[in-house]
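Colleague: Protein sequence lines, in the order shown, are assigned to chains H, Y, S, X, B and F.
Per the numbering used here, the first sequence starts with residue 87, numbered consecutively.
Per the numbering used here, the second sequence starts with residue 87, numbered consecutively.
Per the numbering used here, the third sequence starts with residue 87, numbered consecutively.
Per the numbering used here, the fourth sequence starts with residue 584, numbered consecutively.
Per the numbering used here, the fifth sequence starts with residue 584, numbered consecutively.
Per the numbering used here, the sixth sequence starts with residue 584, numbered consecutively.
Here a beta-carbon is modelled for each residue, glycine too, at the ideal position from N, C-alpha and C.
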Amino acid sequence: MDSGDTAWILTSTALVLFMTLPGLALFYGGLVRSKNVLSVLMQCFAITCISTIVWVVVGYSMAFGDGGSANDWIGGLSQAFLSGLSRESLNGSIPESVFSMFQLTFAIITPALIIGGFAERMRFSAILLFSTIWLLVVYLPVAHWVWGGGWLAQMGFLDFAGGTVVHITAGVGAVVTAMVIGNRKGFPKTAMMPHNMTMTVTGAGMLWVGWFGFNAGSALSAGGDAGMAMLVTHISAATGAFTWMMIEWIRFGKPSALGVVTGMVAGLGTITPASGYVGPMAALLIGFMAGNLCYFATMYLKQTLKIDDSLDVFPVHGIGGMLGTLSVGVFVASSLGGAGLAEGVTMIDQLGVQLVGVVSVLLWTALATWGILKLVSLIVDLRVDEESEIEGLDLSSHEEKGYNF
Amino acid sequence: MDSGDTAWILTSTALVLFMTLPGLALFYGGLVRSKNVLSVLMQCFAITCISTIVWVVVGYSMAFGDGGSANDWIGGLSQAFLSGLSRESLNGSIPESVFSMFQLTFAIITPALIIGGFAERMRFSAILLFSTIWLLVVYLPVAHWVWGGGWLAQMGFLDFAGGTVVHITAGVGAVVTAMVIGNRKGFPKTAMMPHNMTMTVTGAGMLWVGWFGFNAGSALSAGGDAGMAMLVTHISAATGAFTWMMIEWIRFGKPSALGVVTGMVAGLGTITPASGYVGPMAALLIGFMAGNLCYFATMYLKQTLKIDDSLDVFPVHGIGGMLGTLSVGVFVASSLGGAGLAEGVTMIDQLGVQLVGVVSVLLWTALATWGILKLVSLIVDLRVDEESEIEGLDLSSHEEKGYNF
Amino acid sequence: MDSGDTAWILTSTALVLFMTLPGLALFYGGLVRSKNVLSVLMQCFAITCISTIVWVVVGYSMAFGDGGSANDWIGGLSQAFLSGLSRESLNGSIPESVFSMFQLTFAIITPALIIGGFAERMRFSAILLFSTIWLLVVYLPVAHWVWGGGWLAQMGFLDFAGGTVVHITAGVGAVVTAMVIGNRKGFPKTAMMPHNMTMTVTGAGMLWVGWFGFNAGSALSAGGDAGMAMLVTHISAATGAFTWMMIEWIRFGKPSALGVVTGMVAGLGTITPASGYVGPMAALLIGFMAGNLCYFATMYLKQTLKIDDSLDVFPVHGIGGMLGTLSVGVFVASSLGGAGLAEGVTMIDQLGVQLVGVVSVLLWTALATWGILKLVSLIVDLRVDEESEIEGLDLSSHEEKGYNF
Amino acid sequence: MKLVVAIIKPFKLDDVRMALSDIGINGLTVYEVKGFGRQKGHTELYRGAEYVVDYIPKMKIEIAIEDEQVDAVVDAIIESARTGKIGDGKIFIMPLENAIRVRTSESGGSAL
Amino acid sequence: MKLVVAIIKPFKLDDVRMALSDIGINGLTVYEVKGFGRQKGHTELYRGAEYVVDYIPKMKIEIAIEDEQVDAVVDAIIESARTGKIGDGKIFIMPLENAIRVRTSESGGSAL
Amino acid sequence: MKLVVAIIKPFKLDDVRMALSDIGINGLTVYEVKGFGRQKGHTELYRGAEYVVDYIPKMKIEIAIEDEQVDAVVDAIIESARTGKIGDGKIFIMPLENAIRVRTSESGGSAL
Ligand SMILES: Nc1ncnc2c1ncn2[C@@H]1O[C@H](COP(=O)(O)OP(=O)(O)O)[C@@H](O)[C@H]1O
Ligand SMILES: Nc1ncnc2c1ncn2[C@@H]1O[C@H](COP(=O)(O)OP(=O)(O)O)[C@@H](O)[C@H]1O
Ligand SMILES: Nc1ncnc2c1ncn2[C@@H]1O[C@H](COP(=O)(O)OP(=O)(O)O)[C@@H](O)[C@H]1O
């Protein structure tokens with residue numbers, strides 16, 4: 087055990103939880119109308135609770151346990167209820183408790199990201215049911231495929247900190263949910279302005295800082311790998327934000343705070359799978375591509391397809407995750423400043439593997455999300471009734487108001 | 087000296103300060119009416135300053151110094167003004183400066199928690215006087231009894247991170263103050279809704295994250311103990327929040343954001359004394375019990391006894407602290423996944439010691455708090471006059487307004 | 087490489103970024119009128135992006151690279167585009183990537199601090215141009231003089247964490263900009279109250295916590311030096327805040343939240359250059375002096391000179407930075423609890439060196455800032471037109487509103 | 584001239600504006616008010632205690648018009664604001680002695 | 584019909600409502616306004632400079648009633664809103680030509 | 584008595600108050616309203632879509648005065664509130680039957 091590595095992963099765990107609570111909660115909460123702000127905060131908290139309980143009961147085991155003959159697909163239940171995890175057990179140079187806790191924070195933020203797709207209209211009970219099943223059917227298996235020794239890991243698929251495991255699954259989950267439950271009443275004709283951009287910007291700052299734990303923590307040690315991961319993460323965030331800002335400036339004459347922070351998230355989500363493998367110059371480029379691609383994806387989804395993925399989860403996280411995961415295939419090359427391809431693997435090989443991973447996770451997530459929603463809708467309506475939507479979820483679902491100034 | 091351990095305690099110190107500033111300040115600030123929000127934030131800041139000065143002058147020495155023949159009760163003044171604390175002095179594997187600074191953050195948050203009992207009506211000068219004396223008469227002695235080698239420590243009393251030292255003292259201090267200065271004008275007939283639940287939820291998220299430093303930092307090292315402490319802390323927080331949410335859902339049909347975050351604090355406060363001694367399964371149970379017990383205590387105090395412990399410090403922190411401290415006696419057993427009882431100590435023995443600790447700290451705190459308030463009231467009115475209370479403390483005590491939108 | 091040291095500097099990097107985003111953004115954002123809040127948040131974000139890009143391209147190299155024959159004045163371009171910075175390269179006991187990333191966060195916050203001088207009236211494009219050039223002409227050279235082996239470093243000038251490099255340059259940059267672009271319309275006759283003091287206090291709490299990374303991180307290791315730096319930082323913050331509060335209480339009968347948090351920043355800024363060199367007793371004194379001097383400087387600038395350094399950057403950071411830098415000369419003495427003067431250096435010698443550093447940085451910053459503003463004004467108007475100023479920068483520059491409750 | 588004052592449900596504001604626009608009314612002033620009346624407010628829970636919030640958010644619209652437009656305006660408002668449920672609101676007709684446009688000092692009907 | 588408009592101290596709102604309720608008035612509309620008058624506003628300090636905030640938060644109540652209720656209503660308001668200190672507020676009586684209930688199109692007294 | 588109601592641009596409020604003060608008017612009530620009229624509102628961008636915010640923030644001032652003061656008040660408002668651009672606002676003159684001071688029960692002109 088190395089106390090320095092442990093110190094950094096303990097810290098990273100705190101940082102990643104901080105991304106969700108209050109980071110993401112504020113980022114999303116500010117973007118909705120004031121009558122729904124508490125519903126978003128509440129959903130982030132409730133999902134945190136549920137993911138934690140699922141993780142303790144079966145989640146950790148399903149993702150990182152030994153699945154025996156089914157290990158290609160899913161971990162077994164041998165570590166259900168964290169059995170076998172003692173004060174002494176290690177994972178590499180850090181205690182297993184720390185590893186499990188760090189990974190749990192990823193299992194928390196992924197379903198929380200999906201909230202952005204169905205914000206302002208989904209029924210609270212349906213959200214809790216959906217999130218629980220989605221964790222079991224989408225997140226935990228995919229985490230096992232990529233990080234738990236499953237089939238993608240065996241193929242040599244590279245996803246350092248979750249571009250695929252977290253961002254593609256969340257982005258696809260969100261847009262499918264948005265399509266199944268339908269647009270918010272009034273979308274896209276009525277302006278549904280963020281009710282509190284200062285809240286969103288606050289959350290964005292927290293996300294940026296917390297992401298250092300997300301990416302640099304994924305090194306699972308405190309050394310050059312973590313350092314480089316933090317550096318490229320930061321560069322991509324800055325470049326993504328700057329790029330989005332410049333596009334808005336050029337197109338509309340006025341750059342917006344919403345644009346800057348969205349570009350930042352795009353840059354962060356996109357560098358995530360690559361953060362352990364690439365160098366600073368690649369990060370500049372990845373951030374620049376993220377700003378561009380995610381920008382145009384957002385506009386296309388909102389204005390052309392008119393799909394109400396309300397807080398733009400798919401175009402930012404989904405597209406960003408795909409772009410980043412594929413770009414690993416290129417920029418990992420040591421000739422491009424990367425950490426280097428595995429022995430005997432060519433760039434084309436690696437790109438192929440990355441593509442297989444992206445496509446299969448995308449398809450599985452889309453299919454499973456759709457199925458889960460159908461299942462949940464048999465038990466409870468997915469959507470609140472129209473009057474509740476007009477009144478706002480805060481009062482209709484939680485009998486509370488965000489503000490009483 | 088171990089640089090990894092030091093890195094983690096430096097980080098933990100930042101996390102625990104973060105719990106108070108801005109965590110607790112926001113948590114509490116959102117719960118009061120908008121005319122009093124700055125008064126709460128201001129009190130948190132001012133108490134931080136005062137505790138720091140007291141700590142440097144005599145506090146560290148009184149809590150952790152050698153008290154000579156009085157050492158059972160109180161540390162001496164040999165380390166007043168931090169004399170003897172140099173760049174080289176160590177405490178275990180970390181610099182003494184880091185140990186002292188870490189402990190200071192506990193001395194800051196404890197009197198800050200009490201604010202919740204007397205919010206929206208106590209005079210600012212009285213608060214400062216009260217907090218100063220309370221630190222000297224309640225907090226520092228109790229910290230010495232439990233952590234500084236005092237009589238409870240000698241009995242084998244277990245309080246890992248302050249369930250008794252912090253939460254029982256704060257909870258009891260708050261309710262006694264609430265009773266002595268009386269209810270807010272209009273309580274309980276008038277609705278005194280939180281003026282900004284988004285602020286409270288933000289603070290709650292910060293408390294959750296910061297609590298990782300509070301509990302896992304109390305291991306004073308970065309290893310398996312810290313890792314397990316963080317894990318059980320997180321589990322109890324999630325379970326406590328989830329439990330409170332379900333109770334509200336069952337009883338009223340609508341779970342509230344206020345309920346979720348209160349349950350979270352209950353889960354955190356309750357696991358605190360146990361966090362270094364118990365395993366994940368115990369944490370699930372402790373969180374569940376905390377959610378239940380603190381919920382019903384809150385309702386009972388507010389609705390049956392009609393005591394205006396305004397922000398529910400006693401039912402959440404006081405009751406939680408007691409429950410947690412007692413539960414250590416049971417769940418520390420290695421057969422229940424705990425760290426194990428000391429050689430030759432039975433569960434009954436340990437429970438007995440825990441009970442002695444809880445009862446004596448409760449009684450001492452109640453008595454001393456009452457006495458201090460009587461003393462302070464000889465110097466300055468404890469409460470602002472009625473007109474100032476109606477106008478709000480922000481304008482009447484600080485000539486400022488929270489918001490000018 | 088030491089994993090514990092690395093863990094702490096990774097953490098410190100996160101903490102210092104946190105100071106800017108969202109810390110400083112909120113601190114400043116709350117102080118302006120609500121029609122300008124987003125412009126301030128946006129400026130903080132945009133400057134973060136720009137500083138990052140500048141840093142990667144030439145900044146790191148100009149500050150810390152080897153400048154060859156010009157090394158007294160500026161680093162060379164040998165490390166432009168971070169060339170040579172690999173996963174393996176070290177700086178002392180930490181990876182070079184971590185060192186570079188940590189230092190970058192300082193290059194981010196310095197121009198961000200200047201925003202306070204020109205808030206609510208400067209044109210966004212002018213701000214971006216100004217900040218970019220200012221970094222190249224003021225920040226990077228001064229950082230090289232003091233920390234990169236330049237002429238001040240060679241003289242033995244002591245500035246542990248940036249009292250001169252960060253706070254004097256920012257303070258002087260702000261007041262010069264304020265004077266060049268002129269007062270806000272209506273200043274000082276009209277009351278321009280902070281629109282959201284709760285936001286400012288939130289930011290203040292984040293600054294306090296983040297400053298632990300700023301000062302204790304500047305030890306570049308996790309040991310006694312970092313521990314002592316954190317301790318004295320905290321003490322000075324508390325004393326500065328307490329002092330300012332008491333002055334207001336005595337002078338006006340009512341201490342304000344704005345006063346407390348300003349005193350805190352004064353205490354923090356002032357201890358910054360000294361934090362690695364002095365002991366706890368000196369910190370008490372430094373905080374006390376900071377509270378006094380910065381208080382009276384603020385009143386003098388605002389009420390007597392009527393210079394609209396809108397958020398008081400010069401009197402707090404500039405004056406604080408000078409006071410702190412000079413006080414190093416005294417309190418570094420081991421007889422006063424400090425880390426000790428260098429062999430053969432007397433207190434008078436050291437004070438002389440400190441004075442040379444302060445005066446030359448002050449003059450260079452003032453002159454260069456003035457010149458840069460003149461240059462930028464040739465390209466684009468420095469100030470928005472009157473109508474935009476009345477309408478507010480949020481709408482006129484960014485076509486967005488902070489709040490839609 | 585008359586001042587027609589309508590107190591309506593907030594989410595009907597856009598409909599009312601469009602209806603007024605359709606009959607040629609393009610100037611009006613609105614603000615948020617709280618109404619007490621037959622309609623019961625929502626409840627809020629706080630620590631298990633239920634508080635009825637007895638005021639209801641309403642939108643108040645004021646339209647200065649010539650006498651002969653009153654009926655058309657009233658009809659347009661009724662049509663567009665009605666949901667048929669309690670709390671749909673009221674219309675008050677008040678006498679207006681004069682109206683002046685600040686910019687031009689025009690007064691009377693041409694100021695509207 | 585008349586429209587009785589009262590400008591009162593905000594913390595007196597509940598008392599006034601109860602007093603009106605007692606004399607059978609159950610419909611009214613309120614909103615927050617700022618008053619300038621004899622009463623001096625509070626001061627706020629900012630960086631040592633004292634700014635007098637010269638507006639005072641007030642609550643405005645509007646009650647549409649039949650002519651014969653005016654005196655009772657005025658008395659009820661005076662009784663319940665008075666503190667005896669400067670700034671207690673004003674009551675204005677304005678003519679109301681008609682009132683219409685949106686939901687039912689009833690007009691006149693039965694619309695109230 | 585009359586109630587003079589002025590709807591003006593918010594940043595002109597202080598000027599108007601001073602102008603009224605100069606002619607001896609010291610009591611008035613103001614509140615924020617949103618106006619629809621000829622003046623076009625600002626646009627806001629959201630994800631590349633441009634939304635015209637068609638209401639404009641205005642300030643409404645109400646002044647209860649004796650009949651003979653009306654002209655002076657109207658002139659003072661016009662003078663101080665005019666910028667000459669569209670949206671400068673309106674002044675409405677409404678009849679006021681009585682005014683009562685809550686504190687003293689005085690009524691009529693002496694209540695103002
Ligand atoms: N007498 C009155 N004077 C002024 N406003 C009234 C009066 N009665 C009702 N209102 C306003 O009209 C609104 C609707 O009235 P309410 O009695 O709830 O329903 P309805 O109009 O369907 O009868 C109220 O919320 C209140 O704002
Ligand atoms: N002439 C007026 N026209 C409109 N409103 C007025 C007038 N005079 C006073 N008011 C309103 O009445 C409130 C109370 O008036 P004020 O002169 O302060 O005290 P008092 O009513 O006790 O004489 C003011 O704040 C203002 O809102
Ligand atoms: N018929 C009306 N009834 C009530 N308020 C009106 C009317 N017409 C205009 N207003 C108010 O006056 C304001 C200014 O009117 P507008 O037509 O924009 O410009 P102008 O006064 O210069 O002609 C509007 O914003 C609105 O608040």
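How about I661 (chain X): is its C-beta nearer than 8 Å to some C-beta of chain B?
Modeller: True, the Cβ-Cβ gap to chain B drops below 8 Å.
Colleague: Given that G610 (chain F) touches chain B, what residues does it touch there, using C-beta distances under 9 Å?
Modeller: Ordered by position in chain B, the residues that pass the 9 Å Cβ test against G610 (chain F) are G618, F619, G620, R621, K673.
Colleague: Can you tell me the Cα-Cα spacing of F675 (chain B) and I683 (chain F), whole angstroms?
Modeller: Taking the straight line joining both Cα atoms gives about 6 Å.
Colleague: Against L387 (chain H), what residues of chain X qualify as contacts under a CB-to-CB distance less than 7 Å, listed in chain order?
Modeller: Correct list: empty, because the minimum Cβ distance to chain X is about 26 Å.
Colleague: Does the beta-carbon distance from R86 (chain H) to R119 (chain H) come in below 8 Å?
Modeller: Not covered by the structure: residue 86 (chain H). The range shown for chain H is 87 to 491.
Colleague: If you count every other CB in all the chains shown that lies within 10 Å of the CB of V657 (chain F), and 16 or more means buried, which is it?
Modeller: Burial call: buried.
Colleague: What distance in whole Å lies between the Cβ atoms of L171 (chain H) and S186 (chain H), which are believed to be in contact at a cut-off of 8 Å?
Modeller: Right, the Cβ-Cβ distance comes to about 6 Å (below 8 Å), so this counts as a contact.
Colleague: How about I434 (chain S) and G303 (chain S): are their beta carbons less than 8 Å apart?
Modeller: Contact flag unset, no.
Colleague: Using the three-state DSSP reduction, which class does F338 (chain S) fall into: helix, strand or coil?
Modeller: Correct three-state label for F338 (chain S): helix.
Colleague: Mind checking whether the beta-carbon of R684 (chain X) lies closer than 7 Å to any heavy atom of ligand 3?
Modeller: At least one heavy atom of ligand 3 is nearer than 7 Å to the Cβ of R684 (chain X), so yes.
Colleague: Kindly indicate if chain S contains any beta-carbon less than 8 Å away from that of M283 (chain Y).
Modeller: No, its Cβ sits nowhere closer than 8 Å to a Cβ of chain S.
Colleague: Whose C-beta lies closer than 6 Å to the C-beta of D598 (chain B) among residues of the same chain, with five residues either side of it excluded?
Modeller: Closer than 6 Å at Cβ, skipping near neighbours: S663.
Colleague: So, with DSSP's three-state summary, where would you put P61 (chain Y)?
Modeller: Residue 61 (chain Y) falls outside the range modelled here, since chain Y spans only 87 to 491, and no answer is possible.
Colleague: What are the boundary residues of the alpha helix (DSSP H) that includes R600 (chain B)?
Modeller: Where R600 (chain B) is concerned, the enclosing alpha helix (DSSP H) stretches over 596–605.
Colleague: Would W237 (chain Y) pass as a contact of D158 (chain Y) if the rule is Cβ separation under 8 Å?
Modeller: Yes, the pair counts as a contact, with Cβ atoms nearer than the cut-off.
Colleague: Below 8 Å, how does it come out for the stretch 186–196 of chain H and the stretch 311–319 of chain Y: are there three or more Cβ pairs, yes or no?
Modeller: Enough Cβ pairs lie closer than 8 Å, so yes.
Colleague: So what's N681 (chain F) in DSSP terms, helix, strand or just coil?
Modeller: Three-state DSSP puts N681 (chain F) in a strand.
Colleague: Which residues in chain X sit within 8 Å of E615 (chain F), going by Cβ to Cβ distance?
Modeller: Neighbours of E615 (chain F) on chain X, chain order: Y614.
Colleague: What residues in its chain sit with their C-beta under 7 Å from that of A647 (chain B), if we drop five residues either side in the sequence?
Modeller: Within the same chain, A647 (chain B) has close Cβ partners M584, L586, L679, A682, L695.
Colleague: Around the Cβ of G445 (chain S), are there at least 16 other Cβ atoms within 10 angstroms (buried) or fewer (exposed)?
Modeller: The amino acid occupying residue 445 (chain S) in the given sequence is Val; Gly does not appear at that position. It is exposed - the Cβ of V445 (chain S) has fewer than 16 other Cβ atoms within 10 Å.
Colleague: If contacts are defined as beta-carbon pairs under 8 Å, then N301 (chain S) and A205 (chain S) qualify, I think. What distance do you get, rounded to the angstrom?
Modeller: 26 Å between Cβ atoms; not a contact.
Colleague: For M187 (chain H), which residues in chain Y fall below 8 Å Cβ to Cβ?
Modeller: G313, M316, L317, H320, listed in chain order.
Colleague: With C-beta atoms as the reference, is G248 (chain S) less than 8 Å away from P359 (chain S)?
Modeller: Cβ atoms of G248 (chain S) and P359 (chain S): closer than 8 Å.
Colleague: Any Cβ of chain Y within less than 8 Å of the Cβ of E649 (chain B)?
Modeller: No, E649 (chain B) does not count as interfacial toward chain Y.
Colleague: How far does the beta strand (DSSP E) with P227 (chain S) in it reach, from first residue to last?
Modeller: P227 (chain S) -> not in any beta strand (DSSP E); alpha helix (DSSP H) instead, spanning 226–233.
Colleague: Using a threshold of 8 Å, state whether the C-beta atoms of L215 (chain S) and V140 (chain S) are closer than that.
Modeller: No, these two residues do not count as a Cβ contact at 8 Å.
Colleague: What ranges does the alpha helix (DSSP H) occupy inside the stretch 389–444 of chain H, keeping only unbroken runs of at least 4 residues that lie completely in it?
Modeller: Counting only runs of 4 or more, we get 405–417.
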